[in-house]
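For the protein sequence lines, the chains are A and B, in the order given.
Counting from 728, one number per residue, gives the positions in the first sequence under this note's numbering.
Counting from 3, one number per residue, gives the positions in the second sequence under this note's numbering.
Positions of the beta carbon are idealized from the N, C-alpha and C atoms, including for glycine.
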Amino acid sequence: MAKGDVKLLGTWASPFALRVKIALKLKSVDYEYLEENLRGGKSELLIKSNPVHKKIPVLLHGDRPVCESLVIVQYIDEVWTYGQSILPSDPYDRAIARFWAAYVEDKVWLSMRAFMTANDEDARVEAVAKFKEVSVLLEDAFVKSSKGKPFFGGDEIGYVDIAFGAFAGWFKVIEKALNVELFDEATTPNLLAWVVAFLAHPAIEDIIPSTDKLLEFATNVVLPSIKAVAPASQ
Amino acid sequence: MASTKEEVKLIGFWSSPYSRKVEIALQLKGIKYQYLEERDLKNNKSPELLKYNPVHKKVPVLIHNGRPVVESLVILEYIDETWTQGPALLPKDPYERAMVRFWCKFIDDKCSPAVRKYLTLGPETDGENARAEAQECLKFLENELKGKKYFGGQTIGMVDIVAIGVAFWQRTLQEITEKELMNKQDFPLLCAWADELLSCSAIGDNLPPKDKFISLIRSRREAATATTK
Chain A
728 MAKGDVKLLG TWASPFALRV KIALKLKSVD YEYLEENLRG GKSELLIKSN
778 PVHKKIPVLL HGDRPVCESL VIVQYIDEVW TYGQSILPSD PYDRAIARFW
828 AAYVEDKVWL SMRAFMTAND EDARVEAVAK FKEVSVLLED AFVKSSKGKP
878 FFGGDEIGYV DIAFGAFAGW FKVIEKALNV ELFDEATTPN LLAWVVAFLA
928 HPAIEDIIPS TDKLLEFATN VVLPSIKAVA PASQ
Chain B
3 MASTKEEVKL IGFWSSPYSR KVEIALQLKG IKYQYLEERD LKNNKSPELL
53 KYNPVHKKVP VLIHNGRPVV ESLVILEYID ETWTQGPALL PKDPYERAMV
103 RFWCKFIDDK CSPAVRKYLT LGPETDGENA RAEAQECLKF LENELKGKKY
153 FGGQTIGMVD IVAIGVAFWQ RTLQEITEKE LMNKQDFPLL CAWADELLSC
203 SAIGDNLPPK DKFISLIRSR REAATATTK
């Protein structure tokens with residue numbers, strides 16, 4: 728199968744699309760990026776490529792669609808096998824990586840939405856507490872899997888780094904907008920350092936959207952849409 | 003590669019589909035294991051469960067040479083990658099593997115919850131929307147079976163194992179509630195697939211005893227109705 732002709736349907740602010748961009752960058756894969764304008768209605772290509780969920784990101788590889796960001800990241804790792812591996816090679820380490828990526832999927836996005844829907848101080852304090860519960864477990868996971876190195880994947884960015892780190896831009900938005908600390912020296916010192924290392928990584932720094940741009944988007948688009956519609960599962 | 007001295011244990015619960023899926027996979031691969039039943043998952047979790055799955059405190063937990071693996075989808079892939087003898091649960095081709103992962107996630111995250119939601123709605127609730135959503139999910143699975151005996155093609159694969167909830171748990175719940183959902187007219191392929199799957203010994207041997215399961219569901223429903231009165 729020719730490895731040419733790779734397209735990615737995404738939206739610029741989506742952390743899920745960002746996961747795929749990171750994986751493609753790590754593997755030095757050339758691709759065409761197609762921005763979905765979700766406010767203009769879903770494109771025909773999106774509906775045709777992802778009839779089940781009608782959501783981005785969708786990777787189109789020679790016109791064959793792959794959907795769901797973590798499924799796409801694993802696909803990229805299995806197709807483009809040169810260079811660094813995104814998942815570890817040992818089956819047990821892979822199981823641990825998949826476990827924590829699934830944990831991130833279940834808990835992190837929901838706890839971030841809790842911040843966005845918090846409309847008083849009590850709700851905000853609760854959102855911080857809930858995020859702490861999640862981050863303390865991920866701190867422990869980081870210590871065990873990094874083995875003293877800068878990333879969950881060790882020396883290099885791996886699967887859990889991508890799954891969790893794709894939210895790093897949004898962490899900064901929440902911290903700036905709500906004047907809270909999501910990571911701190913007392914409870915999550917390693918994650919505090921990890922966020923810095925992740926955002927400074929050559930594969931990340933050029934492709935992650937700026938905090939100001941995301942904050943503007945959150946204020947003008949995300950928050951009004953959350954207030955307008957009853958919270959729905961993502 | 004599996005070492006010569008292997009110790010495989012599984013902490014499970016007799017009526018849990020997630021637990022049974024792992025047992026099915028272990029049997030398909032011909033892996034010998036020690037089964038540890040959680041006696042009281044609701045009120046009194048065992049020290050082993052809390053030790054080996056401190057994050058979620060749920061079954062199933064696979065313990066391989068003392069190291070735990072949790073979350074049924076993670077366990078199934080771990081089994082496939084560790085024990086390479088016996089039938090492959092996932093195909094080799096990366097695109098086919100991506101499709102397997104996609105459908106497994108769809109079944110766990112979207113289809114099963116939608117079907118369960120409809121089947122457990124009380125009689126006073128208008129279930130039309132819930133029914134439509136459940137049927138839409140099942141329709142995607144029905145289409146996926148076109149031209150195939152199993153989701154895995156000619157042989158049982160990971161999607162078939164993950165979809166066992168549809169074939170047994172949800173079909174039984176359908177019988178108990180007498181709600182029409184997965185019928186032969188609208189879902190001929192799914193119904194044929196379910197019958198085929200359940201007749202396979204690796205599957206049939208590892209399902210909860212039907213009468214015992216029906217009693218459990220009935221008593222749970224009665225308890226739920228009693229508390230809402």
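Fill in: CB contact check: A:Gln811 to chain B, cutoff 8 Å
no
Item to complete: Under 9 Å between beta-carbons, which chain B residues line up against A:Ala829? List them in chain order, please.
Response: Glu73, Leu75, Val76
Worksheet item: Is the Cβ-Cβ distance between A:Pro778 and A:Ala744 less than 8 Å?
Response: no
Fill in: Burial state of A:Gln961, where buried means 16 or more other Cβ atoms lie within 10 Å
In this predicted model, A:Gln961 has a pLDDT of only 43, less than 50, meaning its place in the structure is not dependable; the value taken from the coordinates is given anyway. The residue is exposed, with fewer than 16 neighbouring Cβ atoms inside 10 Å.
Discussion item. Among B:Asp95, B:Trp16, B:Ser21, whose alpha-carbon lies nearest the alpha-carbon of B:Ile163?
Written reply: B:Ser21
Item to complete: Apply the 10 Å Cβ neighbour rule to A:Val870 and answer buried if 16 or more other Cβ atoms are within range, or exposed otherwise.
Response: exposed
Fill in: Nearest-angstrom Cα separation, counted from A:Lys782 out to B:Glu177
34 Å
Practice prompt. Please list the residues of the region 99–130 of chain B that have a C-beta atom closer than 7 Å to any C-beta atom in chain A, keeping them in chain order.
Written response: Arg99, Ala100, Arg103, Phe104, Lys107, Phe108
Practice prompt. Consider the Cβ of B:Val161: report whether some Cβ of chain A lies at a distance smaller than 8 Å.
Written response: no
Worksheet item: Is the Cβ of A:Leu864 closer than 8 Å to any Cβ of chain B?
Response: yes
Fill in: Beta-carbon gap between A:Gln689 and A:Leu786 smaller than 8 Å
Only positions 728 to 961 of chain A appear in the structure, and residue 689 of chain A is not among them; the question remains open.
Worksheet item: Under a CB-based cut-off of 8 Å, is B:Arg69 close to chain A?
Response: yes
Worksheet entry | Spatial distance of B:Leu183 from B:Phe170 (CA atoms) | 14 Å
Worksheet item: Is the distance from the Cβ of A:Gln839 to the Cβ of A:Leu950 below 8 Å?
Response: First, the amino acid is wrong: residue 839 of chain A is Met here, not Gln. Not a contact, by the Cβ cut-off of 8 Å.
Practice prompt. Would you check if the region 817–827 of chain A and the region 78–93 of chain B touch, i.e. whether three or more CB-CB distances between them fall below 8 Å?
Written response: yes
Worksheet item: Can you name the start and end residues of the alpha helix (DSSP H) that B:Cys250 belongs to?
Response: It is not possible to answer for residue 250 of chain B, since the shown part of chain B is limited to 3 through 231.
Fill in: Any C-beta of chain B under 8 Å from that of A:Tyr886
no
Worksheet item: Closest to A:Glu853 by CA distance: which of A:Ser862, A:Leu864, A:Val863, A:Ala841 is it?
Response: A:Ala841
Worksheet item: Would the beta-carbon of B:Leu121 fall within 8 Å of that of B:Leu192?
Response: no
Item to complete: Please name the residues in the region 784–810 of chain A whose beta-carbon is closer than 7 Å to at least one beta-carbon of chain C, in chain order.
Response: Among the chains of the structure shown, chain C does not appear; the protein chains present are A and B.
Item to complete: Check whether the region 135–151 of chain B touches the region 81–92 of chain B, taking contact to mean three or more Cβ pairs, one atom from each stretch, closer than 8 Å.
Response: no
Worksheet item: Residues of chain A with a CB under 8 Å from the CB of B:Val24: which are they?
Response: Under the 8 Å cutoff, chain A gives no residues; its nearest Cβ is about 13 Å from B:Val24.
Practice prompt. Provide the residue(s) that pair with A:Arg791 in DSSP beta bridges, ordered along the chain.
Written response: A:His788
Worksheet item: Between which two residues does the alpha helix (DSSP H) containing B:Tyr97 stretch?
Response: 96–108
Worksheet item: What residue range is occupied by the uninterrupted beta strand (DSSP E) comprising A:Tyr760?
Response: 759–762
Item to complete: Taking B:Pro96 as the query, report the chain A residues whose CB atoms sit under 7 Å from its CB, ordered along the chain.
Response: Tyr802, Glu805, Val806
Discussion item. So with CB distances below 7 Å, who are the chain A contacts of B:Thr84?
Written reply: Pro818
Worksheet item: Given that A:Phe826 touches chain B, what residues does it touch there, using C-beta distances under 7 Å?
Response: Val72, Glu73, Val76
Fill in: CB contact below 8 Å: B:Tyr80 versus chain A
yes
Worksheet item: Who pairs with B:Tyr152 in a beta bridge, going by DSSP?
Response: B:Gly155
Practice prompt. May I ask which residues mark the beginning and end of the beta strand (DSSP E) holding A:Gly892?
Written response: Premise fails: A:Gly892 lies in the alpha helix (DSSP H), 886–892, not in any beta strand (DSSP E).
Discussion item. Between B:Ile216 and B:Thr174, how many whole angstroms is the CB-CB distance? I'm expecting something under 8 Å.
Written reply: 7 Å
Item to complete: Going by DSSP, name the residue or residues bridged to B:His66.
Response: B:Val10, B:Arg69
Fill in: Proximity of A:Lys899 and A:Thr938 at Cβ, strictly below 8 Å
yes
Worksheet item: According to the Cβ coordinates, are B:Val63 and B:Pro70 closer than 8 Å?
Response: yes
Worksheet item: Cβ of A:Ala890 less than 8 Å from any chain B Cβ?
Response: no
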